[in-house]
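**Student:**
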Amino acid sequence: GAVCTPDFFGFDAALGLQYRGRIDSSGRESRPDARRELLDAMLQVARTGQGPREQVPSIGCSIKWRAAG
């Protein structure tokens with residue numbers, strides 16, 4: 017599951033997880049020249065059925081999960 021926000025997940029047609037990571041390479045500041053990693057990963061999944069081997073984890077605020085009940 018997600019451990020920080022934002023944490024993006026990309027699935028193939030069979031709902032297999034093919035990408036987990038950041039949306040782009042811009043970091044904390046939006047940059048027009050940032051590599052669009054989520055988009056690139058999903059385009060690769062559409063072409064090949066598989067996500068990229070190397071994936072960069074998201075950086076953000078950790079998620080505090082509540083105990084059930």
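Note that the working numbering has the sequence shown beginning at 17, numbered continuously upward. The C-beta atom is built at its ideal place from N, Cα and C for all residues, glycine as well.
So the beta strand (DSSP E) residue 34 belongs to, where does it begin and stop?
**Tutor:** Per DSSP, residue 34 belongs to the beta strand (DSSP E) from 33-37.
**Student:** Do you know how far the Cα of residue 65 is from the Cα of residue 44?
**Tutor:** Going from the Cα of residue 44 to the Cα of residue 65 covers about 30 Å.
**Student:** Alpha carbon to alpha carbon, how far is residue 57 from residue 36? Give it in angstroms, no decimals.
**Tutor:** Rounded to whole angstroms, residue 36 to residue 57 spans 9 Å at the Cα level.
**Student:** In the DSSP assignment, find the unbroken beta strand (DSSP E) run with residue 76 in it and report its ends.
**Tutor:** Where residue 76 is concerned, there is no enclosing beta strand (DSSP E), given that its DSSP letter is neither H nor E.
**Student:** Which residue or residues does DSSP assign as beta-bridge partners of residue 26?
**Tutor:** Note: residue 26 sits in a beta bridge opposite 35.
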